[in-house]
Structures are given as structure tokens and as C-alpha cells.
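Here is the structure we will look at.
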Amino acid sequence: MTDAPILSVSHLKKSFGEHEVLRDISFDVSQGDVVSIIGASGSGKSTLLRCINFLEQPTAGTILFQGKNAETQWSRAQYHARVGMVFQSFNLFGNMSVLKNCVVGQMKVLGRARREAEEKALMYLEKVGMAPYRDARPAQLSGGQQQRVAIARALAMDPEVLLFDEPTSALDPEMVGEVLGVMRDLAASGLTMLVVTHEMAFARDVSRRVIFMDAGVIAEDGAPQDIFVHPRQARTREFLSRILQK
Amino acid sequence: MSSLPTTFFGWVGFILDKYGTLFLSGVGVTLLVAITGTVIGFVIGLLVAILRTIPVAPRDPWYRRMPLRVLSALLNVYIEVFRGTPMIVQAMVIYYGSMQMGLRMPVLVAAVLIVSVNTGAYMAEIVRGGIISVDKGQKEAACAIGMTHWQSMVHVVLPQAVRNIMPSIGNEFVVNIKDSSVLNVISVNELFFMSKSAAGTYLRYFEVFFITACIYLALTFTVTRLLRLLERKMDGKTNYIIYGSQSDSKASIVVPKEGGVPND
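Chains A and B, in that order, are what the protein sequence lines are. For the record, in the first sequence the residue sitting at position 100 is 102 according to my numbering, with numbers rising by one throughout. For the record, in the second sequence the residue sitting at position 40 is 90 according to my numbering, with numbers rising by one throughout.
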């Protein structure tokens, strides 16, 4: 771990009208960290991730990326290229082939030449095991396949940080494994990852740090064994016993 | 001079023989007005819808919000006026109005202008509907890899929106083939106008307009078929190739979209 955090969130707040979803969230993420964010539905996990990526405009607070203010010192396009996102519902571009999905951002945002972009796209498609399907349309693929393409699309932008918003929640149980497998490989490769997830096995075994959120605040933050084996807070214990019993 | 026909089909044949070229030239003008009117109307509608869907955040500065507000209000007026008045009336107002103001435009130019502007008003709403029907996640995904609003519109949202509204565009096209007939009030020599002059000579309105109806039907039917073909082309191939296999990296399998037998 390096000293300076790659991503630093401080005093982040987000309200939808009267409803305060995030109240004063602060945490740092170091280079190469794999952080799982867990918590009950409605605890603000996804909103936190969407605020970090400015898909939702935070009500207050600052986000520093590589020491620079993400909102004022980074151009939005450059920031988005470096902080990628994988969605629960995949959101592959429906009008493009698998390959084109992974190429379009590289060419339009990073200004790469088609040859280079296609080579890079194929390399990452290979990595997630989807290169054979490069000519297929998203609608022709299963959910697990789509999500693996979505991960390749995000990786093709060479992000420094990748945000995962419940990447396996929309998948059939038998497809969860293939996506988690890809994510496990990515975690091992040293990519900085923030993963909102309900997959406790992933949080416990793959991530190096677990953040437990409850009612818009970070209730507990620590190493997986601390959170899962010796949770300090009653609400963490209660959440874990509820979810692990299932 | 030979005697005039006595039966219905006798008259139909007689009129076709005598006025065939008249009908044909009417068809030509009708198609010209309908096609250019629909295409230009689509472009107008696309532009209007794009302008009306530019996102404005409350925290944007006033010099960004104000012009968009004003523009949006003006576009609303345009849409309301041209959707809320009959095209036959628009034709009279625009053609004779411009003439009175000293602008004498060729009647065909006026025809294309009227149909385009009228279609544009409808297309604006059709395209806007298409844009908002594209899943929000598509825009978010485009945004999440760094695309600007314009890039995401051009590469992701609009292609899907246009594909989805193809049936409505087809509707507009068919409507324009038929409704360009109202332009006979400003003496555009389209199919209806030509039919009227053909019917006038022998006062055979039934036979002539029977022919006219058949021609309109043939035109609209052909156009709907062609548009279906275009839609299918836009959907892309129904099958795709899986490249490579465990034993041979150059192998490929063609997978049909759904059901069916794979062919290789």
C-alpha cells in the first residue's frame, strides 16, 4: 500500500428532497485496495457509489482523486475514464456489438486509433472469456456474459479505480460464479476496486477491507475477518446474522 | 371518333389509356413531396427534439439556462401551432401569405416547405418520445466511460431512439403520401390534383377516383413494405459467429438469434 490515498471521500452528503440518504461519509481508498461495501437495502451503498462517479450530484462534501478535487480539478471525461463503473443491469450499448461496446469509449473519449482500441478491447474480452463473442449483440447474450463484457468495457478504458454497483444482483444464481471469478482475478491483479455487493463470500474472501453501511453512515470499517468474525457493533452483528442465515 | 365506353371497367381502361401519363406525373409529384417532406420533417424533428432534451441542471449558470428556456418555449409554440391547425389551412396561409408579402415561391417549393414544417412538428414529439424511451442506464453507462452529453446522444441514445420510432416514422410517411393531396388547394399538380383534371373532361369521377384510390393504396403499401425491410436491416444480423474453440483457435460457429438450427 502506498501512503497517499488514490481516492478520498470526505463529508459526503446526499439528499433526495427531504430524504437524507447519505449523511457525512468519509473514507480513504489506497491504491490496490479491494473494498466491499455491504449493508441492508436502502442503507445508501449504491447512492454512495453513484455519487463517487457523479451519476448523482452530491449535496455536499468533496471527493479527491489522486489528490485533486474530482469536481473542480479533473475534467469530467478524464475523471470518468479513470474511475470506471460496472452496473447492476450491465447497461451494454444495445445498438453495438460486443467489440464495439469495448471500443467506442476508447476512441471517442481517449482518442485512441481504431486498431489500438480493438486490440485492447480484444485483450480484455479474452481476459473475461468473451472474445469468441465479439460480434454478438448484447441482447443475444446471457446476463453473466453481458456483465463480463461490461467489465471488459470498463477495463478497456484503463481505469485506476473500478466501481461495481451490485454486479451480480441481476444474475441467475448459476451465472454469479462466472462474474465473481472475473472479479477475483481483477482483485488479484492489483486493480483498485470498490464493490457494493450482497455476496458475503466475496466480501469475506476476496476483498481486503469491508465497509458496513447503515442508515446513510459508515457503521463499521475494517478487515474482513474483523467485520465477519468480531463485529464490534450490534447492528453489524444483526445484519450479518440475518444475511448469513439465508 | 370512336364511341365512348359503356361499362365501369370500360371507362377505367379508357381513362388509363388516355390519362396514364397524367396519373404518372401526379404520382411523381406526390412521391417527391412526400419523400422530401418526410425526410426534411424528420431532420427538423430530430433537431427540435435534441434541443428540447438538452439536460439543464439547476446549478447551471443563468446564461446557459436562459437561452435554452427561451428556445424551448419557441419550439413549443412551433409544435403547438403546426399540430393544432390543418395542413390545408397552413398551405393557404403560407402560400398566399408569402405571395402577399412579395415572395412568390414556386408552387412545388411551397409544397415541400409546408409538408416539411408540418411533419417536423409531429416528428419532434415522436423523436422526443423515442429519446426518453431509451433506458436511462444507456446514458449512464455512456457517461460513466467519460462520454459527453453529445457523444452519448450521437453514439448511444439516438441510434436506439431512431430504431424504436421507425414504425412512427413510417406512419408519417404514409400520412404524407395521402395528405399531400390537400395541397391541390394551392394547385400543386400532385396525384389528387391531376385526377381532378382527368375527371373533369368526361365527368367520370367515380372511375377516375377509383383509379386514384388504387394508386394511393399501391404507393402506401409499397412504402410500408420497404420500411419494414429497412427496419430489419437496422436490427442487424440475426445470427453471430463464435470465434475459436478449445482445439482450434480459427474455428467458428454461427449461432442463430433464437431457436433454429446453427449453420456453419
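Idealized CB from N, CA, C, for every residue including glycine.
- Rounded to whole angstroms, the gap between the alpha carbons of A:Val-178 and A:Gly-218 is 27 Å.
- Residues of chain B with a Cβ closer than 9 Å to the Cβ of A:Met-159 are, in chain order, Ile-195 and Gly-196.
- For B:Val-224, same chain residues with a beta-carbon under 8 Å away, outside a window of 5 residues either side, are Thr-270, Val-273 and Thr-274 in chain order.
- Taking 8 Å as the upper bound for CB-CB distance, A:Arg-150 and A:Val-130 are in contact here, some 4 Å apart.
- Here A:Glu-20 is exposed, its C-beta having fewer than 16 other C-beta atoms within 10 Å.
- For the segment 268–302 of chain B, residues whose beta-carbon sits nearer than 7 Å to a beta-carbon of chain A comprise Gly-286, Tyr-290, Ile-291, Ile-292, Tyr-293 and Gly-294.
- A:Ser-243 carries a helical assignment under DSSP once its states are collapsed to helix, strand and coil.
- A direct Cα-Cα distance of roughly 43 Å separates B:Leu-125 from A:Ser-144.
- Under DSSP, A:Arg-211 shares a beta bridge with A:Val-37.
- Per DSSP, B:Arg-114 lies in no beta strand (DSSP E); the unbroken alpha helix (DSSP H) holding it starts and ends at 112–134.
- Proximity of the segment 15–30 of chain A to the segment 54–72 of chain A meets the contact definition, three or more beta-carbon pairs being nearer than 8 Å.
- Going by beta carbons, A:Val-88 and A:Ile-8 fall outside the 9 Å limit.
- Counting along the chain, B:Met-137 sits inside the alpha helix (DSSP H) bounded by residues 137–150.
- For the pair B:Phe-73 and B:Met-244, the CB atoms are nearer than the 9 Å cut-off.
- Within the same chain, Phe-56, Phe-67 and Ala-72 come within 8 Å of A:Tyr-81 by CB-CB distance, once the 5 residues on both sides are set aside.
- Around the Cβ of A:Glu-118, a 10 Å sphere holds fewer than 16 other Cβ atoms; the residue is exposed.
- For A:Arg-84, the closest alpha carbon among the candidates A:Asp-167, A:Gly-107 and A:Ser-17 is that of A:Gly-107.
- Contacts with chain B (Cβ-Cβ distance below 8 Å) from the segment 47–73 of chain A involve Asn-55, Leu-57 and Gln-59, listed in chain order.
- The C-alpha of B:Leu-277 lies about 24 Å from the C-alpha of B:Asp-185.
- Judged by beta-carbon spacing, A:Arg-211 lies beyond the 9 Å limit of A:Val-11, meaning their Cβ atoms are not closer than that value.
- Contact of A:Val-106 with chain B by beta-carbon distance below 7 Å involves His-205.
- Beyond the five residues adjoining it in sequence on each side, A:Asp-30 comes within less than 6 Å, by CB distance, of Pro-7 and Ser-10 in the same chain, given in chain order.
- At a C-beta separation below 7 Å, A:Met-87 has these neighbours in chain B: Ala-194.
- Residue pairing for A:Glu-222: DSSP places it in a beta bridge opposite A:Phe-214.
- With respect to B:Gly-294, A:Phe-92 sits apart: the two C-beta atoms are not nearer than 9 Å.
- Interface residue (Cβ-Cβ distance to chain B less than 9 Å): A:Val-11 is not classified as such.
- Listed along chain B, the residues sitting closer than 7 Å to A:Ser-91 by beta-carbon distance are Gly-187.
- Around A:Gln-147, the same chain offers Met-132 and Tyr-135 as residues with beta carbons nearer than 7 Å, after the five sequence neighbours per side are excluded.
- The Cβ atoms of B:Ile-176 and B:Ile-215 sit closer than 9 Å to each other.
- When DSSP states are grouped into helix, strand and coil, B:Val-98 belongs to the helix group.
- Interface flag for A:Arg-25 against chain B is unset, since no Cβ pair is found closer than 9 Å.
- Here the alpha carbon of A:Val-197 sits roughly 12 Å from the alpha carbon of A:Gly-86.
- Looking from the CA of B:Gly-70, the closest CA among B:Ala-248, B:Val-120, B:Val-131 and B:Ile-164 belongs to B:Ala-248.
- For the segment 201–234 of chain B, the residues whose beta carbon sits under 8 Å from a beta carbon of chain A are, in order, Gln-201, His-205, Val-206, Pro-209, Gln-210 and Arg-213.
- In the DSSP assignment, B:Thr-251 falls within the unbroken alpha helix (DSSP H) covering 241–252.
- For A:Glu-22, the secondary structure class from DSSP, reduced to helix, strand or coil, is strand.
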